[in-house]
Amino acid sequence: WRKNRPISGKHAVVIGRSNTVGTPIAQLLLHNDATVTVCHSSTENLEEIARLADILVTCVNMPNTVRGSWVKQGATVIDLGMGT
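Going by the numbering used here, the sequence shown wraps up at 69, each residue one higher than the last.
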């Protein structure tokens, strides 16, 4: 993924702020020079924020949290949901 899709300078949106997944992913993206927005269950206008992402990462345990219409064309989507 990193070879084919540069991270530096991209706007990444991470949905989920857990200490085990969301926050470390956000830090990893920041370390690779992305601009990162972290969203959570109380974030207003989540759909609008998600549409701005060049890289959209979901780290929530709820299926269908993000809809296809929320993803801008050409964005990279990473689903790290670990629901059972």
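We put the CB at the ideal spot given by N, CA and C, even for glycine.
Determine the extent of the alpha helix (DSSP H) in which residue i is found, giving its start and end residues.
i, result
"isoleucine 84", "Outside the displayed span of the chain (-14 to 69) sits residue 84, for which this structure offers no information."
"leucine 14", "7 to 16"
"leucine 31", "31 to 36"
Should residue i go down as buried or exposed, given a rule of 16 or more other Cβ atoms within 10 Å for buried?
i, result
"isoleucine 63", "exposed"
"glycine 1", "buried"
"leucine 14", "buried"
Within the same chain, show all residues whose beta-carbon is closer than 6 Å to that of residue i, passing over the 5 residues directly before and after it, in chain order.
i, result
"valine -1", "Gly7, Ile10, Ala11, Val23, Val42"
Spatial neighbours of residue i within its chain, please: CB distance less than 7 Å, with the 5 preceding and 5 following residues excluded, ordered by chain position.
i, result
"glycine -6", "Asp18"
On the DSSP letters alone, give me the boundaries of the beta strand (DSSP E) that residue i sits inside.
i, result
"valine 62", "61 to 64"
"threonine 20", "20 to 24"
"valine 42", "40 to 43"
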